[in-house]
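In the working numbering, the protein residues as written are 17 to 468.
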């Protein structure tokens with residue numbers, strides 16, 4: 017097994033230093049899971065070997081360790097990955113290796129919560145899996161495009177393996193070119209794919225994690241324990257035992273704690289069963305998103321673009337009603353408050369997302385509920401952001417006095433100011449002019465607007 021692993025390291029050395037004379041950057045998608053950890057470990061060992069060659073080879077090619085944060089990652093994994101990335105950055109700098117950590121994240125208006133609780137998107141399922149593109153593909157693709165613009169081409173290193181599944185093996189072999197290590201990326205222009213650990217078996221992956229000291233100085237037993245704790249009771253993966261404690265480990269797949277594509281989140285359930293009881297409210301909330309997705313009363317009769325969204329039998333299939341979005345946001349913030357009593361570092365939703373949700377509600381002309389008021393009621397403090405430009409209490413009092421004879425003018429002005437905030441808070445300003453016109457139209461012709 018050791019010889020097989022050394023052969024992979026030698027292949028990586030050859031590909032980095034000799035087979036490819038260019039300086040095309042290498043980009044490693046790093047999730048912190050077992051496969052990406054093994055991939056980075058072997059690449060790191062190869063870089064050390066190149067640096068120590070009798071005739072030193074200059075390490076000119078940058079290796080980017082790109083970690084995409086969907087902002088709804090499993091909190092245990094998210095915390096673990098942050099610690100690992102910090103170690104990688106420090107170790108690469110101290111060892112003078114061209115390894116650079118980059119974190120990507122979805123744009124503010126494309127995050128899970130802004131889409132679900134702001135715009136009212138129904139949570140993803142197999143037939144409407146909008147999350148993969150918005151939360152994962154686009155952020156990483158944007159970074160990839162930046163590298164291609166600078167260097168002309170880029171090489172993506174994948175931790176995929178044939179053994180993972182039959183469909184994965186078919187997909188990998190479909191795009192491979194016989195006799196060549198690199199293959200064209202399925203979607204990226206001027207992008208190539210290199211999968212050096214594709215032939216590794218699961219036992220070999222865990223052998224590397226359990227026997228090779230982490231080159232960036234992290235304790236790999238922590239990763240092993242996370243997988244072990246997240247193993248469902250009905251499945252255990254065999255592993256090469258190098259320690260009596262390493263009797264077995266799980267092959268659980270980690271992802272977003274909010275994932276509604278899978279029928280059951282086995283990894284989170286197993287973590288709870290193995291002592292992480294504080295995650296129970298997260299699992300219950302996730303389950304409620306699944307159970308309430310297709311309830312007719314929660315959905316609007318029109319899509320966001322105004323097209324009808326009513327099935328033949330009369331059920332609504334448009335976005336969630338604003339009142340339902342507000343209720344689910346309240347539940348989420350209450351869970352966050354409870355969790356933060358013991359784990360103050362965990363935030364289930366960011367302050368910027370809360371502001372963006374309010375902005376989205378405003379642009380949907382939903383002014384009945386206010387995110388800031390809800391946050392204040394639950395946490396007894398204001399949302400910490402310097403981007404809001406709403407009227408302060410004194411300005412509101414003066415405006416109310418001016419509009420005393422007809423308070424509808426006060427509400428109109430307050431609403432228009434709220435709409436104007438989108439200009440600074442959101443990247444996308446498309447449609448702002450129309451939103452303002454619609455609000456004024458509702459004010460001038462309220463009955464006519466309601467009939468629409």
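Even glycine gets a Cβ: it sits at the ideal position worked out from N, Cα and C.
Rounded distance between the beta-carbons of residue 156 and residue 45, thought under 8 Å: 7 Å
Outcome for residue 71 when other beta-carbon atoms lying within 10 angstroms are tallied against a minimum of 16: exposed
Secondary structure of residue 200, DSSP reduced to three states: strand
Chain-order list of residues whose beta-carbon lies under 7 Å from that of residue 346 (same chain, five-residue window excluded): 390
Through-space distance from residue 413 to residue 422, alpha-carbon basis: 14 Å
Spatial distance of residue 328 from residue 393 (CA atoms): 42 Å
Proximity below 8 Å, CB of residue 374 to CB of residue 388: yes
Three-state class that DSSP yields for residue 276 in the structure shown: coil
Residue of 363, 145 and 309 minimising C-alpha distance to residue 337: 309
Assigned secondary structure, residue 324 (DSSP; H/G/I helix, E/B strand, else coil): The answer is strand: DSSP assigns residue 324 an E or B state.
Per DSSP, cross-strand counterpart(s) of residue 49: For residue 49, which the question treats as bridged, DSSP gives no partner whatsoever.
Cβ neighbours of residue 276 in the same chain (closer than 8 Å, five flanking residues each side left out): Counting only Cβ-Cβ distances below 8 Å, and skipping sequence neighbours, we find 139, 140, 141, 302, 305, 306 and 309.
Where residue 333 falls: helix, strand or coil (DSSP): coil
Per-residue DSSP class, three states only, for residue 88: coil
Cβ neighbour criterion (16 or more within 10 Å) applied to residue 143: exposed
Residue 197 versus residue 398 - alpha carbon distance: 55 Å
Which of helix, strand or coil DSSP assigns to residue 121: If DSSP states are grouped into helix, strand and coil, residue 121 belongs with coil.
Supposed contact pair residue 107 and residue 231 - C-beta distance, whole angstroms, cut 8 Å: With 8 Å as the limit, residue 231 and residue 107 qualify as a contact, their Cβ atoms being about 7 Å apart.
Same chain, Cβ closer than 6 Å to residue 385, five either side skipped, listed in chain order: The residues are 342.
Terminal residues of the beta strand (DSSP E) in which residue 471 lies: With the chain covering 17 to 468 only, the question about residue 471 has no answer from this structure.
Unbroken alpha helix (DSSP H) run spanning residue 130, endpoints: Where residue 130 is concerned, there is no enclosing alpha helix (DSSP H), given that its DSSP letter is neither H nor E.
For residue 212 and residue 17, the rounded distance between their alpha carbons: 16 Å
Start and end residues, beta strand (DSSP E) containing residue 24: Note, residue 24: premise wrong, no beta strand (DSSP E); alpha helix (DSSP H) at 18-30.
Proximity below 8 Å, CB of residue 56 to CB of residue 81: yes
Cβ contact check for the stretch 219-233 and the stretch 55-69: 3 or more pairs under 8 Å: yes
Below-8 Å beta-carbon distance, residue 86 vs any chain C residue: Absent from the structure: chain C. Only one protein chain is present.
Exposure of residue 35, with buried meaning 16 or more beta-carbon neighbours within 10 Å: exposed
Per-residue DSSP class, three states only, for residue 350: helix
Contact under 8 Å by Cβ, residue 172 with residue 201: yes
Spatial distance of residue 207 from residue 103 (CA atoms): Going from the Cα of residue 207 to the Cα of residue 103 covers about 28 Å.
Residue range of the unbroken alpha helix (DSSP H) whose run includes residue 371: 367-379 is the extent of the alpha helix (DSSP H) around residue 371.
Residue 418 CB to nearest heavy atom of the ligand GDP below 7 Å: No copy of the ligand GDP occurs in the structure displayed, which carries no ligand at all.
Straight-line Cα distance separating residue 219 from residue 24: 16 Å
Contacting residues, own chain, Cβ-Cβ under 7 Å from residue 344 (five flanking each side not counted): 133
Environment of residue 150 [buried if 16+ CB atoms lie within 10 Å]: buried
Buried/exposed call for residue 19, threshold 16 Cβ in 10 Å: exposed
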